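This report concerns only the one structure given below.
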Amino acid sequence: SPQDTWKQRAGSAAADLIEEGMVVGLGTGSTAAYLVRALAQRIQQGLQIKGAVASSLATYEMANNLNIPMTDLDDYPELDIYIDGADEIDPQLRLIKGAGGALLREKILASAARRFVVIADSSKKVTQLGHRYPLPVEIIPLAKTPIALQISRLGAQIQIRHNNNIPFITDNHNYILDCTFPQGIGDPAQLDAQLHNIVGVVETGLFIHMVSQVIIGGPEGVQVFPQ
Ligand code: DER
């Protein structure tokens with residue numbers, strides 16, 4: 006599909022940012038998968054990186070199977086670059102992430118990286134967060150009902166994410182609440198702080214002041230923000 010072409014364009018443009026000797030963080034999702042493939046190709050052609058850290062077990066499997074040398078945050082607590090997709094990107098480069106259920110490790114890697122580059126097809130650009138995708142929130146399963154009650158008081162409709170009628174379990178053995186804000190998210194930083202105030206909330210899919218650069222693949226090729 007054209008969207009796959011746009012994702013592929015963004016993924017391979019991001020792979021070109023990876024330099025000799027880097028420690029690279031690999032994101033999760035279909036756009037990040039294009040980056041993983043492009044990086045594997047560059048390594049096959051001779052690029053030598055120190056290693057890659059995966060943001061999910063799924064990405065680890067894929068990258069390892071493609072002979073990308075894998076490492077972890079204990080060996081390299083700081084990454085040179087972290088490259089990942091997003092569900093929504095607003096004009097201030099704030100993100101909603103987590104549709105793939107990997108938001109906790111993704112945010113850990115994004116915060117450990119000197120540079121966080123987002124890759125996406127043009128459909129991810131929005132003017133305000135929260136209108137197209139629910140906000141994923143990773144929580145401790147024990148507290149799902151009191152947490153859902155408190156988040157609903159912030160004006161959200163809450164769904165515990167399920168796969169085939171069983172609750173989705175993250176790589177960290179937690180649940181995901183998908184929180185729909187019918188009026189969108191007017192103040193992402195305030196909402197993020199309110200959510201982190203709720204005991205049992207582990208992490209949110211709001212990525213604020215974390216993004217260095219966004220590479221958007223679209224019909225006209227590749228656009229980079231900020232220039
Ligand atoms: O779940 C995630 O955070 C993914 O990165 C998601 O936001 C983007 O997935 P996609 O590239 O498959 O749209």
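Going by the UniProt record's numbering, the sequence shown opens with residue 6, and the numbers climb by one from there.
All C-beta atoms in this analysis are idealised placements derived from N, C-alpha and C, irrespective of residue type, glycine included.
Fair warning: this is a prediction, and the values are worked out from it, not measured in the lab.
Contacting residues, own chain, Cβ-Cβ under 7 Å from residue i (five flanking each side not counted)
| i | result |
| --- | --- |
| Ile-145 | Asn-179, Gly-205 and Val-207 |
When the options are compared against residue i, the one with the closest alpha-carbon
| i | options | result |
| --- | --- | --- |
| Leu-147 | Ala-38, Val-122, Ile-165 and Gln-228 | Ile-165 |
| Pro-231 | Ile-152, Cys-184, Val-123 and Asn-168 | Val-123 |
| Asp-92 | Glu-225, Thr-175, Gly-32 and Ala-68 | Gly-32 |
| Val-219 | Thr-36, Arg-110 and Ser-6 | Thr-36 |
| Gly-56 | Leu-44, Gln-50, Leu-62 and Ala-63 | Leu-44 |
| Gln-155 | Cys-184, Trp-11, Leu-114 and Gly-103 | Cys-184 |
| Asp-192 | Ala-115, Leu-211, Ile-181 and Ala-15 | Leu-211 |
| Tyr-39 | Ala-59, Leu-140, Arg-14 and Tyr-65 | Arg-14 |
| Lys-149 | Ile-181, Tyr-65 and Lys-130 | Ile-181 |
| Pro-141 | Ala-125, Leu-109 and Asp-126 | Leu-109 |
| Thr-190 | Val-216, Asn-202, Gly-222 and Tyr-138 | Looking at the sequence shown, residue 190 is not Thr but Ile. When each option's Cα is compared against that of Ile-190, the closest is Tyr-138. |
| Asp-89 | Asn-202, Arg-158, Val-58 and Asp-77 | Val-58 |
Counted within 10 angstroms of its Cβ, other Cβ atoms place residue i as buried (16 or more) or exposed
| i | result |
| --- | --- |
| Pro-119 | Before going further, note that residue 119 is Arg rather than Pro in the sequence given. When all chains shown are included, Arg-119 counts as exposed. |
| Glu-111 | buried |
| Leu-62 | exposed |
| Ile-23 | buried |
| Ile-171 | exposed |
| Pro-7 | exposed |
| Val-41 | buried |
| Ser-60 | buried |
| Asp-197 | buried |
Neighbourhood of residue i by C-beta distance below 8 Å, restricted to the same chain and skipping five residues each side
| i | result |
| --- | --- |
| Thr-132 | Asp-95 and Pro-96 |
| Pro-187 | Gly-160 and Gln-162 |
| Glu-25 | Leu-52, Gln-53 and Ile-54 |
| Asp-80 | Gly-56 |
| His-167 | Phe-173 |
| Asn-72 | Ala-45, Ile-48 and Gln-49 |
Sequence-distant residues of its chain with Cβ nearer than 6 Å to residue i (five each side left out)
| i | result |
| --- | --- |
| Leu-84 | Val-28, Gly-30, Ala-117 and Ala-118 |
| Gly-103 | Pro-141 and Gly-210 |
With a floor of 4 residues, list each alpha helix (DSSP H) that falls wholly inside the region 85-172, ordered by position along the chain.
108-117 and 149-157
Could you name each continuous alpha helix (DSSP H) segment of 4 residues or more that falls completely within the region 8-91, going from the start of the chain to the end?
35-49 and 62-70
Mind listing, in chain order, the continuous beta strand (DSSP E) runs of no fewer than 3 residues lying wholly within the region 194-222?
206-209
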